[in-house]
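Going by full-length UniProt numbering, the sequence shown opens with residue 1, and the numbers climb by one from there.
The C-beta atom is built at its ideal place from N, Cα and C for all residues, glycine as well.
I have placed the structure first, in the form of structure tokens, so that the comments after it can refer back to it.
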Amino acid sequence: MTTSTRALRTDEPASAQLGTLAAQGATGALSTESGIVYLAAGHVVHVESAVTPDLGDLLTHSGALAPDGWWEAIDQAGRRCRVGRQLVDSGHLAAGALELCHLGALFDAAYFVLAHDGPALRFRPGAAHWLGAVRSVPVDTVLRESRRRRELLHRIWPEPAVDRAPLARMPGSDAADLPARRGRTLAQVDGVRTAAQIATALACRTFHTLVELRRLAAAGLVAPVAPLIPGPSSDPSPAPASAPATVSAEPGPAPRPMASVEPDTALLRRLLHALEAL
Numbered sequence: 001m002t003t004s005t006r007a008l009r010t011d012e013p014a015s016a017q018l019g020t021l022a023a024q025g026a027t028g029a030l031s032t033e034s035g036i037v038y039l040a041a042g043h044v045v046h047v048e049s050a051v052t053p054d055l056g057d058l059l060t061h062s063g064a065l066a067p068d069g070w071w072e073a074i075d076q077a078g079r080r081c082r083v084g085r086q087l088v089d090s091g092h093l094a095a096g097a098l099e100l101c102h103l104g105a106l107f108d109a110a111y112f113v114l115a116h117d118g119p120a121l122r123f124r125p126g127a128a129h130w131l132g133a134v135r136s137v138p139v140d141t142v143l144r145e146s147r148r149r150r151e152l153l154h155r156i157w158p159e160p161a162v163d164r165a166p167l168a169r170m171p172g173s174d175a176a177d178l179p180a181r182r183g184r185t186l187a188q189v190d191g192v193r194t195a196a197q198i199a200t201a202l203a204c205r206t207f208h209t210l211v212e213l214r215r216l217a218a219a220g221l222v223a224p225v226a227p228l229i230p231g232p233s234s235d236p237s238p239a240p241a242s243a244p245a246t247v248s249a250e251p252g253p254a255p256r257p258m259a260s261v262e263p264d265t266a267l268l269r270r271l272l273h274a275l276e277a278l
């Protein structure tokens, strides 16, 4: 059966599906419950997830690119799937800066898409992302990096609810004695924002934000906001959940985007060199 007509096995995890598509040299989009993996000739070229900041958010919130420049590139090249090329050709962004930010967004989204490694929903042969070609990554590299991130976060704090749920500060939490990045992260925790929203506010990669949030959770400084449990039909008021996190009434301060970008760029530069070596 060719890739264009290949039916997905609903009992096969997404990682196995990706391995099969890579071996076939497939081009298209593999959808899961948490996001979409885009492939070209069996390599991953982009990953998107609703629970991570997209590339535009990272570029514009960090100050690397003006919002007008981002939307201009989408208007001019989105239908041709050449937004990345348009950003570089127009002089809005250097090619190296685009590659670094793209790799960060790709691996961040891949972590969530593969976090639980559930079954894929469908594969659309030939589907391409509007960003276009920036840098491709072998499927094995994406799977290995996602597994490494999952294991690292589990060692820091084994409760994955921190990754997706709204987070609140616990009573007595104070950023005064924390490292700078962790203090900035704690300052954005307001009982409403999720990890992805905090990462967007800080113009920071989601994974680095998750590391800091899990460390804060391990220290007892933040906790997921407990969901409201509906009461009986005769009592419409929600029943309180056990040990809910106390929500701070004060929203986080406006972040200083550039202060949090440099360490991420250094890490991604090392990653880029490693990929080039491969």
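- request: Please report how far the alpha carbon of alanine 219 lies from the alpha carbon of aspartate 163, in whole angstroms.
  value: Taking the first residue of the sequence shown as 1, we reach residue 219 at position 219. Taking the first residue of the sequence shown as 1, we reach residue 163 at position 163. So the alpha carbons of these two residues sit roughly 16 Å apart.
task: For valine 44, name the three-state secondary structure that DSSP assigns.
output: The sequence position of residue 44 within the sequence shown is 44, counting from 1. It is a strand residue.
message: Which residue wins for smallest C-alpha separation from glutamate 99, given the options Thr194, Glu12, Leu55 and Leu210?
response: To locate residue 99, count along the sequence shown from 1; it is residue 99. Comparing Cα-Cα distances from glutamate 99 to each of Thr194, Glu12, Leu55 and Leu210, the minimum goes to Leu55.
- prompt: Are there 16 or more other CB atoms within 10 angstroms of the CB of serine 90, so buried, or fewer, so exposed?
  reply: For the purposes of this step, residue 90 is identified with residue 90 of the sequence shown, where counting begins at 1. Flag for serine 90 reads exposed.
Helix, strand or coil at proline 224 [DSSP, three-state]: Counting from one through the sequence shown, the residue named residue 224 turns up at place 224. If DSSP states are grouped into helix, strand and coil, proline 224 belongs with the strands.
message: Can you give me the C-alpha to C-alpha distance between glycine 25 and arginine 148, rounded to a whole angstrom?
response: Position 25 of the sequence shown, counted from the start, is the residue given in the question as residue 25. Position 148 of the sequence shown, counted from the start, is the residue given in the question as residue 148. Using only the alpha carbons, I get a separation of about 25 Å.
- prompt: Going by alpha carbons, who is nearest to glycine 183 out of Leu153, Val139 and Leu221?
  reply: The residue labelled residue 183 in the question sits at position 183 within the sequence shown. Looking at the Cα atoms, Leu221 is the closest of the given residues.
message: I need the DSSP call for residue 310, collapsed to helix, strand or coil.
response: Absent from the model: residue 310. The displayed extent of the chain is 1 to 278, so no value can be given.
- request: Give the secondary structure of serine 37 by DSSP, where H, G and I count as helix, E and B as strand, and everything else as coil.
  value: Indexing the sequence shown from 1 puts residue 37 at position 37. The sequence shown places valine at residue 37, not serine. Strand, per DSSP.
- prompt: Below 8 Å between beta carbons: does that hold for alanine 14 and threonine 32?
  reply: Walking along the sequence shown from the start, residue 14 turns up at place 14. Walking along the sequence shown from the start, residue 32 turns up at place 32. In contact: alanine 14 and threonine 32 (Cβ atoms closer than 8 Å).
query: Out of curiosity, what's the CA-to-CA distance linking glutamine 51 and phenylalanine 207?
result: Working through the sequence shown from its first residue, we reach residue 51 at position 51. Working through the sequence shown from its first residue, we reach residue 207 at position 207. Checking the sequence shown, residue 51 turns out to be valine, not glutamine. About 12 Å.
First and last residue of the uninterrupted alpha helix (DSSP H) at serine 15: Taking the first residue of the sequence shown as position 1, residue 15 is located at position 15. Residues 14-23.
field: Nonlocal neighbours in the same chain, by C-beta distance under 8 Å from leucine 121, ignoring five residues either side
entry: On the sequence shown, residue 121 is found 121 positions in, with the first residue counted as 1. Taken in chain order, the residues that qualify are Leu8, Ser31, Thr32 and Glu33.
query: Under a Cβ-count criterion, where at least 16 other Cβ atoms within 10 Å of its own Cβ denotes burial, should proline 224 be classed as buried or exposed?
result: Within the sequence shown, the letter at position 224 stands for residue 224. Burial call: buried.
query: If you pair each beta-carbon of the stretch 194-211 with each one of the stretch 61-79, do three or more pairs fall below 8 Å?
result: yes
message: Which residues does DSSP list as the beta-bridge partners of valine 137?
response: Here residue 137 is taken as the residue at index 137 of the sequence shown, counted from 1. DSSP lists Val44 as partners of valine 137.
- prompt: What distance in whole Å lies between the Cβ atoms of tyrosine 111 and serine 146, which are believed to be in contact at a cut-off of 8 Å?
  reply: Counted from its first residue, the sequence shown places residue 146 at position 146. Counted from its first residue, the sequence shown places residue 111 at position 111. Going by Cβ atoms, the distance from serine 146 to tyrosine 111 rounds to 5 Å, so yes, they are a contact pair.
task: Have a look at alanine 161 and alanine 180 and give me their C-alpha separation to the nearest angstrom.
output: Position 161 of the sequence shown, counted from the first residue, corresponds to residue 161. Position 180 of the sequence shown, counted from the first residue, corresponds to residue 180. Their backbone Cα atoms lie some 24 Å apart in a straight line.
query: By Cβ distance, which residues of its chain are closer than 6 Å to histidine 129, with the 5 residues on each side in sequence left out?
result: Locating residue 129 in the sequence shown gives position 129, counting from the first residue. Closer than 6 Å at Cβ, skipping near neighbours: Tyr38 and His46.
task: Could you check which residue in Ala127, Phe123, Asp174 and Arg155 has the C-alpha nearest to that of leucine 210?
output: Here residue 210 refers to the residue found at position 210 of the sequence shown. Answer by Cα proximity: Arg155.
query: What separation, rounded to the nearest whole angstrom, lies between the Cα atoms of leucine 213 and serine 49?
result: In the sequence shown, residue 213 corresponds to position 213, counting from 1. In the sequence shown, residue 49 corresponds to position 49, counting from 1. Cα to Cα, the separation comes out at about 19 Å.
field: Same chain, Cβ closer than 7 Å to valine 83, neighbours up to 5 away in sequence not counted
entry: Taking the sequence shown and counting its residues from 1, the one referred to as residue 83 is at position 83. Answer for valine 83: Ala73, Ile74, Ala77, Trp130, Leu131 and Gly132, listed in chain order.
task: Note the first and the last residue of the continuous alpha helix (DSSP H) segment covering residue 280.
output: A question about residue 280 goes unanswered here, because the residues of the chain that appear run from 1 up to 278.
- prompt: Where do the ends of the alpha helix (DSSP H) carrying glycine 172 lie?
  reply: Counting from one through the sequence shown, the residue named residue 172 turns up at place 172. Taken as a continuous stretch (DSSP letters only), glycine 172 belongs to no alpha helix (DSSP H), as it is neither H nor E.
field: Pairwise C-alpha distance: alanine 196 and cysteine 204
entry: Indexing the sequence shown from 1 puts residue 204 at position 204. Indexing the sequence shown from 1 puts residue 196 at position 196. Rounded to whole angstroms, cysteine 204 to alanine 196 spans 9 Å at the Cα level.
- prompt: Taking the C-alpha atoms as reference points, what is the distance between threonine 3 and leucine 21?
  reply: Numbered from its first residue, the sequence shown carries residue 3 at position 3. Numbered from its first residue, the sequence shown carries residue 21 at position 21. Because the pLDDT of threonine 3 is 44, which lies under 50, any placement of that residue in the model is unreliable, and the question is left without a value.
- prompt: With 16 as the cutoff for other CB atoms within 10 Å, does histidine 116 come out buried or exposed?
  reply: Reading the sequence shown from its first residue, position 116 is the one you call residue 116. Exposed, by the Cβ-count rule.
- prompt: How should aspartate 140 be labelled, buried or exposed, when 16 other C-beta atoms within 10 angstroms of its C-beta is the threshold for buried?
  reply: For the purposes of this step, residue 140 is taken as residue 140 along the sequence shown, with counting starting at 1. It counts as exposed.
Alpha-carbon spacing of alanine 16 relative to isoleucine 36, whole angstroms: Counting from one through the sequence shown, the residue named residue 16 turns up at place 16. Counting from one through the sequence shown, the residue named residue 36 turns up at place 36. Alanine 16 and isoleucine 36: Cα-Cα distance of roughly 15 Å.
message: Please classify leucine 152 as buried or exposed, where buried requires at least 16 other C-beta atoms within 10 Å of its C-beta.
response: The count along the sequence shown starts at 1 and reaches residue 152 at position 152. Classification for leucine 152: exposed.
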